[in-house]
Amino acid sequence: MNTPTPLAMMHDTSLRILVVDSDDTSARDACALLEGGGHVTHTAANCTEAVSRLNSIYFDLVLMGVEPPCTDGLETARAIRRTRDVIAAIPIIAFGSTSSPGLGNRCIKAGMDAFLATPFSLPDFAETLRRVHNARVFSPRLRPA
0 MNTPTPLAMM HDTSLRILVV DSDDTSARDA CALLEGGGHV THTAANCTEA VSRLNSIYFD
60 LVLMGVEPPC TDGLETARAI RRTRDVIAAI PIIAFGSTSS PGLGNRCIKA GMDAFLATPF
120 SLPDFAETLR RVHNARVFSP RLRPA
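Residue numbering for the sequence shown is 0 to 144, as defined by numbering that gives the first Met the number 0.
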């Protein structure tokens with residue numbers, strides 16, 4: 000089985016995405032939108048579940064809820080980045096409301112690649128994915144603070 004490359008991901012290829020959010024409604028909405036765009040989604044409700052799924056299934060991307068009640072989104076990202084294997088390199092895109100001051104910056108400092116404001120559309124997601132891909136191609140991956 001061939002593993003999709005980042006370049007292949009940018010050309011209408013279905014992605015396998017882990018959606019991490021303790022808010023069932025937010026997770027369900029994100030999955031419905033992504034599946035409507037042809038992507039395959041799996042969910043995890045917390046840090047432990049997310050890391051377990053990442054250790055057992057190949058994912059192209061993690062989409063991480065970072066607002067209450069998903070209180071451990073930042074710590075989950077840090078835990079993923081602390082691993083010493085291929086899991087640490089998986090792109091992580093945070094999603095949440097822009098009403099929380101500095102949330103996007105806290106996500107980047109925790110090791111996430113981008114912040115996507117909710118509600119988001121498939122074009123918003125695609126543009127964020129393009130930015131993440133371009134940043135990874137042209138700059139080294141930084142470890143979280």
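Glycine residues also receive a C-beta, built at the ideal position from the N, C-alpha and C atoms.
Residue i to residue j span [Cα, whole Å]
{"i": "Cys30", "j": "Cys106", "result": "21 angstroms"}
{"i": "Asn45", "j": "Ser96", "result": "19 angstroms"}
{"i": "Arg130", "j": "Met63", "result": "17 angstroms"}
{"i": "Ser99", "j": "Thr117", "result": "12 angstroms"}
{"i": "Thr82", "j": "Ser13", "result": "26 angstroms"}
{"i": "Asp23", "j": "Asn133", "result": "31 angstroms"}
{"i": "Arg80", "j": "Asp112", "result": "11 angstroms"}
{"i": "Thr127", "j": "Phe94", "result": "11 angstroms"}
Residue i CB to nearest heavy atom of the ligand ZN below 7 angstroms
{"i": "Asp112", "result": "Absence of the ligand ZN is noted for the structure shown, with no ligands found whatsoever."}
Assigned exposure category for residue i - 16 Cβ within 10 Å defines buried
{"i": "Ile56", "result": "exposed"}
{"i": "Asp20", "result": "buried"}
{"i": "Ala125", "result": "exposed"}
{"i": "Phe137", "result": "Legend: pLDDT at Phe137 = 49, less than 50; position of this residue unreliable, no value from coordinates given."}
Start and end residues, alpha helix (DSSP H) containing residue i
{"i": "Arg83", "result": "Element bounds for Arg83: n/a, residue is neither H nor E."}
{"i": "Ala26", "result": "23-35"}
{"i": "Ile107", "result": "102-108"}
Of the listed residues the options, nearest to residue i (C-alpha basis)
{"i": "Thr75", "options": "Leu60, Glu66, Thr47", "result": "Thr47"}
{"i": "Asn54", "options": "Arg27, Asp112, Ala88, Asn133", "result": "Ala88"}
Residue interval of the beta strand (DSSP E) (run including residue i)
{"i": "Val39", "result": "39-43"}
Cβ-Cβ distance between residue i and residue j below 8 angstroms
{"i": "Gly72", "j": "Val61", "result": "no"}
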